[in-house]
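In terms of my numbering, the sequence shown opens at residue 1 and continues consecutively.
Even glycine gets a Cβ: it sits at the ideal position worked out from N, Cα and C.
One structure is given below, encoded as structure tokens.
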Amino acid sequence: MPNSVKTVFVINLMLIFVLLGFGYQFYNQQVNPVVTSYITMLIIASLVVCQLLLVFKWQGLWRFVRILLYILAIVAGLMFLSSLAQFFTLVGFLQSLVALVMMLYFIGVRGFLNSKSFLEYLKQA
Numbered sequence: 001m002p003n004s005v006k007t008v009f010v011i012n013l014m015l016i017f018v019l020l021g022f023g024y025q026f027y028n029q030q031v032n033p034v035v036t037s038y039i040t041m042l043i044i045a046s047l048v049v050c051q052l053l054l055v056f057k058w059q060g061l062w063r064f065v066r067i068l069l070y071i072l073a074i075v076a077g078l079m080f081l082s083s084l085a086q087f088f089t090l091v092g093f094l095q096s097l098v099a100l101v102m103m104l105y106f107i108g109v110r111g112f113l114n115s116k117s118f119l120e121y122l123k124q125a
């Protein structure tokens, strides 16, 4: 497994754990529970699908994950917009910051999935 794939894998795991923490806090404190909880669950499930592509190298999943990452960038934008109502609280600020970083990260990962190095890694299966 190349270092770039390992890096994306580790960053995805960190995002999953951060989003699980946010989801737990939203569930526990009922902070904007409806929209943010569903968005968080959608992003976590999609990141798990992306992890499956990285680990098992399913070539049929490659096109789906590329489209899914664009959808995730849009969903992270929705998460950013829903967190602006609570921007001046610590949780709202952190959620806004994480959502903004996630939007940029998802677009970057989609570009990485189109790179030559990843396509060579994918064809090694």
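Beta-carbon proximity of residue i to residue j, cut-off 9 angstroms
i: glycine 92; j: glutamine 86; result: yes
i: asparagine 12; j: leucine 68; result: no
i: valine 75; j: isoleucine 43; result: yes
i: leucine 72; j: leucine 61; result: no
Classification of residue i by the beta-carbon crowding that lies within 10 angstroms, buried from 16 upward
i: threonine 40; result: buried
i: glutamine 95; result: buried
i: alanine 99; result: buried
i: methionine 103; result: buried
i: phenylalanine 106; result: buried
i: serine 115; result: exposed
i: leucine 113; result: buried
i: valine 55; result: exposed
Cα-Cα separation, residue i to residue j
i: leucine 20; j: valine 49; result: 16 angstroms
i: asparagine 3; j: alanine 45; result: 24 angstroms
i: arginine 110; j: glutamine 124; result: 20 angstroms
i: phenylalanine 118; j: phenylalanine 80; result: 29 angstroms
i: serine 83; j: methionine 14; result: 20 angstroms
i: threonine 36; j: valine 18; result: 14 angstroms
i: phenylalanine 64; j: asparagine 28; result: 33 angstroms
i: leucine 90; j: tyrosine 24; result: 16 angstroms
i: glutamine 51; j: valine 101; result: 19 angstroms
i: phenylalanine 22; j: tyrosine 121; result: 33 angstroms
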